[in-house]
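> Got a structure here, written out as structure tokens. Questions coming.
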Amino acid sequence: MTSRRKHWRDGLGTPATMVLFRTPDHWRYALYFSEPRGVADGYLARPGSDGEPDDAQAAAHAKAEELAGRPLTISWRTGEKPGWWTGAVTTDSP
């Protein structure tokens, strides 16, 4: 049996920005990469859509680190729409 590589790690570059927003069903995210450009998006299994923003930000942070394959720092700020947050992403130094 061969192991399968996760598809999002191939061809995606350095994470730069993360967007997090609440929908009626889920918290959704988009992680934008640069050099080369790409995006990974989806929804968070937990917390549910009624969860607190701090919990959703922590879950999104963990998802971003999983997708990037390395430790990250995300500085969140409120977005232009209610229930939206934008995060500036930086890679932690080893």
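Each residue of the sequence shown is one higher than the one before, starting from -1 at the first, in my numbering. For each residue, glycine too, the CB sits at the ideal point set by N, CA and C.
1. Mapping DSSP to helix, strand and coil, what is valine 87?
2. Tell me, please, which residues DSSP counts as bridged to threonine 12.
3. To the nearest angstrom, report how far apart aspartate 53 and proline 45 are at their CA atoms.
4. What first and last residue would you give for the alpha helix (DSSP H) that runs through proline 51?
5. Tell me whether arginine 167 sits in a helix, a strand or coil according to DSSP, three-state version.
Quick look at the numbers:
1. Strand.
2. For threonine 12, which the question treats as bridged, DSSP gives the partners Ser32.
3. If I take the Cα positions, the gap works out to 7 Å.
4. For proline 51, the enclosing alpha helix (DSSP H) starts and ends at 51 to 66.
5. Given a span of -1 to 92 for the chain in the structure shown, any question on residue 167 remains unanswerable.
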